[in-house]
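The structure under discussion appears below in the form of structure tokens.
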Amino acid sequence: MRSKTNKRLAAVVMTCAMAISAVTAISANAKSLKDSFSSGTSVNFSSSCWWSTDKDYWTKSCWASTNGYYKYHYVRAMVGTVDNAWADTGRCYSYGNIKRTATTDPLLCSGWSWEFPTGHAYYGN
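Take the sequence shown: its letters are residues -30 to -1, 1 to 95, numbered as in mature numbering (1 follows the signal peptide of the UniProt record, and there is no 0).
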């Protein structure tokens, strides 16, 4: 009789220990929204200009993403300003990982980044 009670007690203790371990592991790996956020910009060649030897068509992209944050949040990427955006994703909401990229239309230029407006990336709840 005593061995059945000991086996049940051991099974309950083991189950509780595994549950506590699982909960602790999940919370230890959770990231804050700030820590999960990343962003960047790039200027990319689009196509050649047949009538100009020193200029081509270029685009500018800005991206915003989160990785490892699982509460309701948004990211937004834009090239330009709120009042004069050349490209804008708007707020994109998610409960998990998310990545959005805003890319301008091709612009005839020499491809230098200062010929485009600044890229901006945002996050929030």
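We put the beta carbon where it would ideally sit given N, CA and C, even for glycine.
Quantities reported herein were computed from a predicted structural model and do not represent experimental measurements.
#### Entry: Of the residues A55, F7, S64 and S22, the one placed nearest Y92, counting alpha carbons only
F7
### Beta-carbon spacing of V52, I68 below 7 Å
no
### Message
Going by DSSP in three states, D24 sits in which element: helix, strand or coil?
### Response
coil
### Query
What span of residues does the alpha helix (DSSP H) with D75 cover, start to end?
Counting along the chain, D75 falls outside any alpha helix (DSSP H), and DSSP gives it neither H nor E.
### Message
Relative to the C-alpha of Y42, which candidate in W33, S22, D26 and L3 has its C-alpha closest?
### Response
L3
### Task
For N95, collect the residues of the same chain with a Cβ closer than 8 Å to its Cβ; drop the 5 residues on either side in sequence, then sort them by chain order.
L3, K41, Y42, H43 and Y44
### Three-way DSSP call (helix, strand, coil) for S2 in this model
coil
### Query
Where does R(-23) sit, in a helix, a strand or coil, going by DSSP?
helix
### Task
Measure the C-alpha to C-alpha separation of D24 and S16 and round it to an integer number of angstroms.
14 Å
### Query
I think C19 touches L78, with their Cβ atoms under 8 Å apart; what is that distance to the nearest whole Å?
6 Å
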